[in-house]
Amino acid sequence: MSQAYEKTTDVPRRPARTPAVRDNSRHQWEKDRARQPRAACAGDGVTEYDTGLATDDLEFHAAYRRTRATPELAEAFGVPPGTPLLERSYRTRHTSEPAPFSLVTSYLRRDLIEANPDLLDETNEPWPGGTQSQLHTVGIEVDRVEERVTARAPTPEEARDLALSPGTPVITLRKTSYDIHDRVVDVAFCTLPGDRTELRFTTRLERW
Numbered sequence: 095m096s097q098a099y100e101k102t103t104d105v106p107r108r109p110a111r112t113p114a115v116r117d118n119s120r121h122q123w124e125k126d127r128a129r130q131p132r133a134a135c136a137g138d139g140v141t142e143y144d145t146g147l148a149t150d151d152l153e154f155h156a157a158y159r160r161t162r163a164t165p166e167l168a169e170a171f172g173v174p175p176g177t178p179l180l181e182r183s184y185r186t187r188h189t190s191e192p193a194p195f196s197l198v199t200s201y202l203r204r205d206l207i208e209a210n211p212d213l214l215d216e217t218n219e220p221w222p223g224g225t226q227s228q229l230h231t232v233g234i235e236v237d238r239v240e241e242r243v244t245a246r247a248p249t250p251e252e253a254r255d256l257a258l259s260p261g262t263p264v265i266t267l268r269k270t271s272y273d274i275h276d277r278v279v280d281v282a283f284c285t286l287p288g289d290r291t292e293l294r295f296t297t298r299l300e301r302w
């Protein structure tokens, strides 16, 4: 056996990371639960749906802050710049792993949700049933979800936070949720590690 080969076999392997499959059917699954009692939805959420893990396998963190719409967010929501928004940052990881499955930042219009003060309080997270359930408490029904996906090199901060190996790309997903009145009610930016995320799209076609 050559010396060069012996050296390559001595390189320690990176521990396997739990994969996540993000299927677009998750949105209908979430909507189906939105009108159920909160207790009925307390056992799992979209991360459990994507990974097949149990809630006890996960560590969840949420941070809220009140902010105002930048020009980019104002255009996305169709509102004037400076419109009050609620920014929500989410990080969920496997309890045995140091890095989260994704970096998620979501924005809601404060004027649409402030009728329920619980929606402004991060200590109520994780909210059983997720965002659609939260919006349902103030009479908002999501009609459709638009997702735009791109890939790029991570920033140094993203590479650190997601514990990426050198050269690993990130998948960036911008999710826009519209209600039945065609208003944008949620804009979310997700940064997904390219080494553990699979995007799966199921398109059901109407029969002839």
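Quick note, the sequence shown lines up with residues 95 to 302 if you use the numbering used here. Backbone N, C-alpha and C define an ideal beta-carbon position, used for all residues, glycine too.
Beta carbon of residue i nearer than 7 Å to that of residue j
{"i": "residue 241", "j": "residue 202", "result": "no"}
{"i": "residue 114", "j": "residue 195", "result": "yes"}
{"i": "residue 236", "j": "residue 273", "result": "yes"}
{"i": "residue 264", "j": "residue 252", "result": "yes"}
{"i": "residue 289", "j": "residue 262", "result": "yes"}
Helix, strand or coil at residue i [DSSP, three-state]
{"i": "residue 378", "result": "Summary: the structure shown does not reach residue 378, with the chain confined to residues 95 through 302, and so no result is reported for it."}
{"i": "residue 101", "result": "In this prediction, residue 101 scores a pLDDT of 45, lower than 50, which makes its location untrustworthy; the coordinate-derived value is nonetheless stated afterwards. Residue 101: helix per DSSP, three-state reduction."}
{"i": "residue 110", "result": "coil"}
{"i": "residue 217", "result": "helix"}
{"i": "residue 140", "result": "helix"}
{"i": "residue 157", "result": "strand"}
{"i": "residue 257", "result": "coil"}
{"i": "residue 133", "result": "helix"}
{"i": "residue 96", "result": "The pLDDT assigned to residue 96 is 44, lower than 50, so where the model puts this residue is not dependable; a value taken from the coordinates is nonetheless given after this. In the structure shown, residue 96 sits in coil (DSSP, three-state: anything other than H, G, I, E or B)."}
{"i": "residue 124", "result": "helix"}
{"i": "residue 148", "result": "coil"}
Delimiting residues of the beta strand (DSSP E) encompassing residue i
{"i": "residue 300", "result": "Unbroken run through residue 300: none, as it is neither H nor E."}
{"i": "residue 268", "result": "264-273"}
{"i": "residue 282", "result": "278-287"}
{"i": "residue 211", "result": "Residue 211 -> no beta strand (DSSP E), and no H or E assigned at all."}
{"i": "residue 178", "result": "178-188"}
Spatially closest choice to residue i from the options, by CA coordinates
{"i": "residue 217", "options": "283, 156 and 206", "result": "156"}
{"i": "residue 165", "options": "298, 119, 178 and 154", "result": "178"}
{"i": "residue 231", "options": "118, 125 and 117", "result": "125"}
{"i": "residue 171", "options": "252, 249 and 277", "result": "277"}
{"i": "residue 206", "options": "221, 260, 220 and 173", "result": "173"}
{"i": "residue 116", "options": "229, 110, 135 and 139", "result": "139"}
Cα-Cα separation, residue i to residue j
{"i": "residue 175", "j": "residue 301", "result": "44 Å"}
{"i": "residue 182", "j": "residue 200", "result": "5 Å"}
{"i": "residue 256", "j": "residue 112", "result": "13 Å"}
{"i": "residue 212", "j": "residue 223", "result": "14 Å"}
{"i": "residue 102", "j": "residue 245", "result": "Per-residue confidence for residue 102 stands at a pLDDT of 43, beneath the threshold of 50, marking its modelled position as unreliable; the derived number appears in the next sentence. Roughly 30 Å between the two C-alpha positions."}
{"i": "residue 298", "j": "residue 291", "result": "23 Å"}
Neighbour flag for residue i against chain D, beta carbons, 7 Å
{"i": "residue 192", "result": "Considering every chain present, this structure includes no chain D. It has just one protein chain."}
Limits of the unbroken alpha helix (DSSP H) element including residue i
{"i": "residue 206", "result": "204-207"}
{"i": "residue 235", "result": "Unbroken run through residue 235: none, as it is neither H nor E."}
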